[in-house]
Amino acid sequence: MSRIGKSPVSIVPGVTVIVNADTVAVKGPKGSLSMGIPSGVQVVMEGQIITVSLLSEASKNHAIHGLVRAEIDNMIVGVSTGWSKILVLSGVGYRATLNGTDLVLTVGFSHPVVVKPPEGITFAMQDGKIVVSGINKQVVGQVASDIRKVKPPEPYKGKGIMYEGEHIRKKAGKSAKGVGAAAK
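Okay, so the sequence shown: first residue is 2 according to the working numbering, each after it adds one.
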């Protein structure tokens with residue numbers, strides 16, 4: 002049995018959860034989310050506590066036990082406080098601006114790259130950093146990943162778009178390789 006799946010989920014004040022036979026719906030101050038419950042897993046709500054249990058000991062049920070519990074917890078956090086990812090631009094002349102709700106990236110291409118936010122996602126600029134925020138953790142992470150893919154950081158100079166706190170291991174260039182060969 003999953004250690005994550007066994008731990009109960011507590012409902013934050015201001016959030017309402019409705020558990021049906023095959024769906025879980027969560028509504029809070031920032032919005033509402035819902036998800037389907039896979040077969041083999043049972044979700045029970047008792048007061049302000051939600052528990053996820055296995056219906057049978059099949060191995061596929063063990064695989065989704067912790068996932069269902071984590072998804073419910075992420076939905077509760079999302080509708081109460083929200084999720085956000087911060088991206089940092091590193092490079093001379095690299096910048097990002099907001100054009101209405103769209104994000105416009107100038108990252109060394111011959112043209113600016115325009116990123117349109119999907120429904121429920123907002124972009125913000127904060128001290129030269131891009132903040133992607135929303136209530137669905139998976140969608141926030143996917144949009145941040147798609148923005149990073151526009152110009153991923155390269156290992157020689159470290160230029161590109163990276164997550165805040167991400168460390169890029171730098172490689173030695175050709176000059177360092179040539180110096181080592183001449184010393185022999």
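Even for Gly, the Cβ is constructed at its ideal location relative to N, Cα and C.
Same chain, Cβ closer than 6 Å to residue i, neighbours up to 5 away in sequence not counted
{"i": "VAL114", "result": "LEU106, VAL151"}
{"i": "VAL108", "result": "TYR95, LYS152"}
{"i": "PRO39", "result": "ILE65"}
{"i": "ILE12", "result": "VAL18, GLN49"}
Residue i in three-state terms, based on DSSP
{"i": "LYS117", "result": "coil"}
{"i": "ASN100", "result": "strand"}
{"i": "ILE65", "result": "helix"}
{"i": "SER40", "result": "coil"}
{"i": "ALA59", "result": "coil"}
{"i": "SER111", "result": "coil"}
{"i": "ILE19", "result": "strand"}
{"i": "VAL45", "result": "strand"}
{"i": "ALA125", "result": "strand"}
{"i": "LYS138", "result": "helix"}
{"i": "ILE169", "result": "coil"}
{"i": "SER176", "result": "helix"}
{"i": "SER54", "result": "strand"}
{"i": "GLY79", "result": "helix"}
Cα-Cα separation, residue i to residue j
{"i": "THR102", "j": "GLU120", "result": "11 Å"}
{"i": "THR123", "j": "VAL116", "result": "11 Å"}
{"i": "ILE50", "j": "MET76", "result": "14 Å"}
{"i": "VAL132", "j": "SER57", "result": "42 Å"}
{"i": "SER111", "j": "LYS138", "result": "33 Å"}
{"i": "ALA26", "j": "GLY142", "result": "21 Å"}
{"i": "TYR95", "j": "GLY129", "result": "10 Å"}
{"i": "ARG70", "j": "PRO9", "result": "8 Å"}
{"i": "ALA64", "j": "LEU104", "result": "38 Å"}
{"i": "LYS158", "j": "SER134", "result": "29 Å"}
Cut-off 8 Å between Cβ atoms - residues of its own chain near residue i, not counting five sequence neighbours on either side
{"i": "TYR164", "result": "LYS86, ILE87, LEU88, VAL89, ALA145, ARG149"}
{"i": "LYS31", "result": "GLY79, VAL80, SER81, THR82, GLY83, ILE136"}
{"i": "VAL140", "result": "PRO119, GLY121, ILE122"}
{"i": "SER33", "result": "ALA26, VAL27, VAL80"}
{"i": "PRO154", "result": "SER91, LYS160, GLY161, ILE162, MET163, GLU167, ILE169"}
{"i": "MET126", "result": "ALA97, THR98, LEU99, VAL132"}
Cβ separation of residue i and residue j, assumed to be a contact under 8 Å, to the nearest whole Å
{"i": "SER60", "j": "GLN43", "result": "With 8 Å as the limit, SER60 and GLN43 do not qualify as a contact, their Cβ atoms being about 17 Å apart."}
{"i": "LYS1", "j": "PRO156", "result": "Since the first and last residues shown for the chain are 2 and 185, residue 1 lies out of range."}
{"i": "MET36", "j": "THR24", "result": "7 Å"}
{"i": "GLY188", "j": "ASN62", "result": "Outside the shown range of the chain (2 to 185) lies residue 188, about which nothing can therefore be said."}
Neighbourhood of residue i by C-beta distance below 7 Å, restricted to the same chain and skipping five residues each side
{"i": "GLY29", "result": "GLY15, VAL16, VAL80, SER81"}
{"i": "MET46", "result": "VAL18, VAL20"}
{"i": "ASP147", "result": "none"}
{"i": "ASP74", "result": "VAL10"}
{"i": "GLU72", "result": "MET36"}
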